[in-house]
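Asker:
In the working numbering, the protein residues as written are 169 to 255.
1) Specify the secondary structure class of residue 234 as computed by DSSP and reduced to three states.
2) Cα-Cα, which of 245, 195, 250, 232 is closest to residue 170?
3) Closest by CA to residue 204, which one among 192, 191, 187, 219?
4) Report the partner residues of residue 178 according to the DSSP bridge assignment.
5) Is the beta carbon of residue 243 sitting closer than 7 Å to the one on residue 251?
6) Can you tell me whether residue 183 is buried or exposed, with buried defined as 16 or more other CB within 10 angstroms of its CB?
7) Threshold first: 3 residues or longer. Then list the beta strand (DSSP E) segments lying entirely within the segment 183-214, N to C.
8) So, is the C-beta of residue 180 closer than 7 Å to a C-beta in chain C?
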């Protein structure tokens, strides 16, 4: 939206947690550092480098044009419309 390019999220409704009020409450799973450190069994990261390998990131709602689910499209305002599709 910042650059007038729409951004869509494709997600199954099973991944939408109605008990979470904002993305800041979503626990981020971190994957094994080795997925970043090695490529084709060769180390590509300097020794001692700090590695963070999140399984996903959280995009602020203000940047999301719509959420595409198996039950339909969810558009802003998300506070109202998520409940209509997920329940």
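We put the beta carbon where it would ideally sit given N, CA and C, even for glycine.
Answerer: Reading it off the structure:
1) strand
2) 232
3) 219
4) 236
5) no
6) exposed
7) none
8) In the displayed structure, chain C is absent; only one protein chain is listed.
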